[in-house]
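Undergrad: Questions regarding the structure given below will be posed in turn.
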Amino acid sequence: MIRMENVNKFFGDLHVLKNLNLEVAEGEKLVIIGPSGSGKSTAIRCMNFLEVPTSGSVYINGEKLTSKNRTKVVRDSISMVFQQFNLYPHMTVLKNLTLAPMKLHKKSKKDAEELAYHYLDIVGLREKAHVYPSTLSGGQQQRIAIARALCAQTKIILFDEPTSALDPETIQEVLDVMIKLAKENITMVVVTHEMGFARQVADRIVFMEDGQIIEEGEPEHFFTSAENDRVKQFLSKIIR
Amino acid sequence: MEGLFSLEAWEKVWTFRSTFLLGLLNSGRMALFALLLSLVLGIIFGLMATSSKKILRGISRVYVELIQNTPLVLQLCFLYYALAFSGNSMGIIATGTISLGVYHGAYMSEVVRAGIGSIPKGQFEAADSQGFNYIGKMYYVILPQSIKIILPPMANQVVNLIKNTSCLYIIGGADLISVTYSFVTGATTGGAYAPAYLVSGLLFFIVCFPLSTLASTWENSLKKRESRTVETQNTLAEGMVAKQ
Ligand SMILES: Nc1ncnc2c1ncn2[C@@H]1O[C@H](COP(=O)(O)OP(=O)(O)O)[C@@H](O)[C@H]1O
Ligand SMILES: [Mg+2]
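In structure tokens, the structure reads:
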């Protein structure tokens, strides 16, 4: 479903991704962990070409992503949920959800709204359809952002630290929505430090450090038999 | 030289009132076309300035810096005399319109650039991540958010543009200031300096003051309205919930 081949990314002289190879299968839930600055965001952003790799290739369903086809491939196959939600502040929640379905996926207003209400029900915020995002709490905004991603009905959803900007008391409501999603056949790539979530949902965890994957395995492997000392040290800090 | 309180001088100005109105009309017409040109240039070069392509940013930068760091009067003379000497003069009004349009286009470009630049990066990324192309992203997401930041300084540019029609006097234009100048130095009409310039200034003020007032109240009311819509929407939504 997603394949990264020998991906390198430089920001100026800074070598951020170092020959990264990573494959995500259809329906797989992959969690990426690792210390701050290790390149997790850059890696996940290369998957939808928000960052263009300096060298190497990214394949989506076997099709090589290029600057030319990225708009079409992303529109049809990949959605993203951001740490800062990035809802459109000048639109109501409903408009946020129906914009792409109407303008990009050529759905009628009626179909797009039906779809929007369906996903608003899933994230439990139907009653917020007509408010503006700024009136919502962080957790609610993130649930709307997830609903917006779902409205595109793509097979892949990328999450870059979706709960890192939230107050502790609203983190769980967002995680609960993501756990619900994980039961569907959606391919999820999640950068997170929520190890409880990872343990419950992930098929596989990869640990990144300094632009490379230094350990990967099933969640249980990380909790019981992580090999690398850096990994053990990191886990001991974040597992509560 | 006749003074401010000379009745005779005021009568002279009143007799030739249509001259002043014609000057105002010429200035206004020129300002209008120059404004359209400056808007087109401002949007094009402003968008270029926020592009990810270095070459486009570079071109926009050169235009803006060249125009902003040389006097308008010089640009006007350059265009007028360069064309005149190459044998294809296009007339004072056309020269004035183009010069003013190009000059204020550079300032409009900066206004557009600043407006777009004030939108958080996350908004661009959200649109990109949904698969919008450049035009869709700008049209649906970025410009609707930057318009309220762009409009007030743009209105101020319109005021400047109207005042700058006065620069045309250097090439002997037909604008309000040129007309006033001919009037006070004319063989039959000459002399009524103070009243003539006072009237001319008043005409400028009558046009410009409402515009600049509009610009500043606009800015405040847009800000206020924004917070008010949010509240209205909120109560509206709560009402709907209560009904369900
Ligand atoms: N747009 C950028 N320009 C320059 N450096 C960047 C940019 N984005 C990220 N970096 C740098 O790349 C490194 C990896 O960043 P990132 O992928 O955000 O790490 P993580 O998400 O794991 O914290 C960091 O050192 C960061 O400062
Ligand atoms: Mg990050």
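Heads up: the protein sequence lines correspond to chains R and W, in order.
First residue of the first sequence: 1, per the numbering used here; consecutive thereafter.
First residue of the second sequence: 241, per the numbering used here; consecutive thereafter.
A virtual CB, placed ideally from N, CA and C, is assigned to each residue, including glycine.
Note that the structure is predicted; figures quoted are calculated from it, not measured.
(1) Taking 8 Å as the line, does the beta carbon of E161(R) fall inside it for any heavy atom of ligand 2?
(2) Quick check on Y59(R): does DSSP put it in helix, strand or coil?
(3) Terminal residues of the continuous alpha helix (DSSP H) containing E220(R)?
(4) Would a check of beta-carbon distances place A116(R) closer than 9 Å to chain W?
(5) With a threshold of 6 Å on Cβ separation, who are the neighbours of L277(W) within its own chain once the five nearest residues in sequence on each side are excluded?
(6) Please report whether the beta-carbon of K107(R) lies at a distance below 9 Å from any beta-carbon of chain W.
(7) For ligand 1, I want to know if S41(R) counts as a neighbour, meaning its beta carbon is within less than 8 Å of at least one of the ligand's heavy atoms.
(8) With distances taken Cα to Cα, identify the nearest neighbour of G485(W) among N328(W), G263(W) and R269(W).
(9) Pick helix, strand or coil for M330(W), following the three-state DSSP scheme.
(10) Which ranges would you report for the alpha helix (DSSP H) in the region 372 to 438 of chain W if only whole runs of at least 4 residues count?
(11) For a test of your reading of the model: does the CB of G362(W) fall under 8 Å from any non-hydrogen atom of ligand 1? Yes or no.
(12) Cα separation between Q315(W) and D111(R)?
(13) Is M1(R) helix, strand or coil by DSSP?
(14) Secondary structure at T187(R), three-state DSSP: helix, strand or coil?
(15) From the DSSP output, in three-state form, read off H15(R) for me.
(16) In the DSSP assignment, what residue or residues form a beta bridge with F207(R)?
(17) Expressed to the nearest angstrom, what Euclidean distance is found between the alpha-carbon atoms of S108(R) and V177(R)?
(18) Given D415(W), which residues of its chain have a CB within under 8 Å of its CB, disregarding the five upstream and five downstream residues?
(19) Take the Cβ of Q397(W) as the centre, count every other Cβ of all protein chains shown within 10 Å, and call the residue buried at 16 or more, exposed below.
(20) Is there at least one Cβ from chain W nearer than 9 Å to V174(R)'s Cβ?
(21) Can you name the residues that DSSP bridges to S79(R)?
(22) Does the beta carbon of E365(W) come closer than 9 Å to any beta carbon on chain R?
(23) Under 9 Å between C-beta atoms, does S291(W) make it to chain R?
(24) Note down, in chain order, every chain R residue with its Cβ under 7 Å from the Cβ of G431(W).
(25) Closer than 8 Å by beta-carbon distance: list the chain W residues that pair up with H90(R), in chain order.
(26) Distance check for A432(W) and V381(W), CA to CA, integer angstroms please.
(27) Who are the neighbours of K68(R) on chain W, taking C-beta pairs under 8 Å?
(28) So, is the C-beta of P360(W) closer than 9 Å to a C-beta in chain R?
(29) At the level of alpha carbons, what is the spacing between A116(R) and L181(R)?
(30) Give the DSSP bridge partners of F10(R), in chain order.
(31) Against chain W, with Cβ distances strictly below 9 Å, would D76(R) count as a contact?
(32) Taking CB distances under 9 Å as the criterion, tell me whether N48(R) reaches chain W.
(33) Can you look up K103(R) in the DSSP assignment and give me helix, strand or coil?
(34) Is any beta-carbon of chain W found at less than 9 Å from that of L158(R)?
(35) Would you give the residue range spanned by the alpha helix (DSSP H) that P168(R) belongs to?
(36) Is any heavy atom in ligand 1 found nearer than 8 Å to the beta carbon of L14(R)?
TA: So, to answer that:
(1) yes
(2) strand
(3) P219 to T224
(4) no
(5) G341
(6) no
(7) yes
(8) Limits of chain W in this structure are 241 at one end and 484 at the other, which puts residue 485(W) out of reach.
(9) coil
(10) 383 to 404 and 416 to 425
(11) no
(12) 56 Å
(13) coil
(14) strand
(15) strand
(16) I33(R) and E215(R)
(17) 27 Å
(18) G263, N266, S267, M270, G336, T405, S406, L408 and Y409
(19) buried
(20) no
(21) I157(R)
(22) yes
(23) no
(24) Residues of chain R passing the Cβ test: none, with the nearest at roughly 58 Å.
(25) P384 and Q385
(26) 56 Å
(27) Per Cβ cutoff of 8 Å: no residues; K68(R) is ~11 Å from chain W at best.
(28) yes
(29) 16 Å
(30) H15(R)
(31) yes
(32) yes
(33) helix
(34) yes
(35) P168 to L181
(36) yes
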